[in-house]
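Taking full-length UniProt numbering, the leading residue of the sequence shown gets 1, the next gets one more, and so forth.
All C-beta atoms in this analysis are idealised placements derived from N, C-alpha and C, irrespective of residue type, glycine included.
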Amino acid sequence: MESLSGDGSARRFFRLHLRGETCILILPQPGRYGLREARSYYRLGRFFRQHGLPVPEIYAFSEPEGLLLVEDLGDTRLAEHPDKLALYPRALDLLLHLQSLTPSFPREAVLETLYYHREFIWEKEILYFESWYLQRRRGKRWLPEERRLWREFLKEGESNFLPPVVLHRDFQSRNLMVREGKVYLIDFQGARLGPPSYDLASLLYDPYVKRLPREFLWTLYRNRSPWPEEALLRELRYTRIFRLLQALGAFVKLSLQGKTWFESFIPQAENTLKELLPAPLRASIWNS
1 MESLSGDGSA
11 RRFFRLHLRG
21 ETCILILPQP
31 GRYGLREARS
41 YYRLGRFFRQ
51 HGLPVPEIYA
61 FSEPEGLLLV
71 EDLGDTRLAE
81 HPDKLALYPR
91 ALDLLLHLQS
101 LTPSFPREAV
111 LETLYYHREF
121 IWEKEILYFE
131 SWYLQRRRGK
141 RWLPEERRLW
151 REFLKEGESN
161 FLPPVVLHRD
171 FQSRNLMVRE
181 GKVYLIDFQG
191 ARLGPPSYDL
201 ASLLYDPYVK
211 RLPREFLWTL
221 YRNRSPWPEE
231 ALLRELRYTR
241 IFRLLQALGA
251 FVKLSLQGKT
261 WFESFIPQAE
271 NTLKELLPAP
281 LRASIWNS
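The following block contains the structure:
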């Protein structure tokens, strides 16, 4: 049995060697939440697999213990693949396939809130960023006026959201595995419904990968998306910021929890966020 890194997850992963074959054993994080998370993984994994989405096959699930035995996709993530840029169109194919499953998406399998909505964004992305990045890394808190600016930005952003689609919410290059030239999606237990450009933003503004051809990938997605280009771009201007807030908060949190390799991804996420933020919001973070 071989222990594997779980990246930012509190779950534990092991590669089992059985009669010349391998599979992955997933142990839940402690507590009731871990059992619920495992149940969502099982239900969503079966749904995605039945609808042709490339995800790991689930061989067995023990619900009382939250144990999962799943297909071994190897160790090559899109982020580390030597020819990763050539594989990004396949990742977009996968994203569009995921979003096409919205009508039959099993809402009862969702782990937390069904929709990615205003209060969820405020708590899980904006305040999460303030708590972990702003306070612990910058040593400051937002003033009431600065919080008001962020509330207004959030309200404005939500008003530009298109109708919701299936949302992975962590659709980035370390959650995309590559085996024999095929791209697979993992870590999907937090899927819900939300704006179509959020997962696109996670992929295009991914701090794990440098020098992505964003314009080319945007064009590929836009040409196959059912949404009007102007509306999709308006939405993306907000979702890419919300996504980067979440990523920066997570990088600081995980680094402080001992997963220090996440520290190396902070500068790129910072620089990208600085470029994208309107001046008043940028000043609320980096004004000193």
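Rounded separation between ARG214 and PRO196 - CA only: By 1-based counting over the sequence shown, the position of residue 214 is 214. By 1-based counting over the sequence shown, the position of residue 196 is 196. The alpha-carbon atoms of ARG214 and PRO196 are separated by roughly 17 Å.
Any idea if MET1 is buried or exposed, counting beta-carbon neighbours within 10 angstroms, 16 or more meaning buried? Residue numbering aside, residue 1 sits at position 1 when the sequence shown is read from its first letter. The residue is exposed, with fewer than 16 neighbouring Cβ atoms inside 10 Å.
C-alpha gap between LEU134 and PRO228, whole angstroms: Residue numbering aside, residue 134 sits at position 134 when the sequence shown is read from its first letter. Residue numbering aside, residue 228 sits at position 228 when the sequence shown is read from its first letter. Per the coordinates, the alpha-carbon of LEU134 lies some 36 Å from the alpha-carbon of PRO228.
Starting from ALA247 and walking both ways along the alpha helix (DSSP H), at which residues does that stretch end? The count along the sequence shown starts at 1 and reaches residue 247 at position 247. Unbroken alpha helix (DSSP H) run through ALA247: 229-256.
Once you ignore the five residues that flank ARG46 on each side, which residues in its own chain have a CB closer than 7 Å to its CB? As a first step, residue 46 must be located in the sequence shown, where it is residue number 46. Cβ neighbours of ARG46 within its own chain (closer than 7 Å, five residues either side excluded): ILE58.
Any idea which residues DSSP pairs PHE14 with across the strands? Against the sequence shown, residue 14 aligns to sequence position 14. Bridge partners of PHE14: SER3, LEU25.
Cβ-heavy atom distance, SER284 to the ligand FAD, below 7 Å: With respect to small molecules bound, the structure shown includes none, and the ligand FAD cannot be examined in it.
Close-in-space but distant-in-sequence residues of the same chain around SER173 (CB under 6 Å, 5 per side omitted): Taking the sequence shown and counting its residues from 1, the one referred to as residue 173 is at position 173. These residues qualify, in order along the chain: LEU78, ALA79, ASP206, TYR208, VAL209.
Counted within 10 angstroms of its Cβ, other Cβ atoms place ARG243 as buried (16 or more) or exposed: Locating residue 243 in the sequence shown gives position 243, where the first residue counts as 1. With 16 or more Cβ atoms within 10 Å of its Cβ, ARG243 is classed as buried.
Determine the direct distance from the alpha carbon of ALA10 to that of PHE48, and round the result to whole angstroms. The sequence position of residue 48 within the sequence shown is 48, counting from 1. The sequence position of residue 10 within the sequence shown is 10, counting from 1. Roughly 23 Å between the two C-alpha positions.
Would you kindly check if the distance between the Cβ of ARG141 and the Cβ of GLU156 is under 8 Å? Numbered from 1 along the sequence shown, position 156 holds the residue referred to as residue 156. Numbered from 1 along the sequence shown, position 141 holds the residue referred to as residue 141. Not a contact, by the Cβ cut-off of 8 Å.
What does a CB cutoff of less than 8 Å around THR76 pick up in its chain, not counting 5 residues either side in sequence? Start at 1 with the first residue of the sequence shown, and residue 76 comes out as number 76. MET177, VAL178, ARG179.
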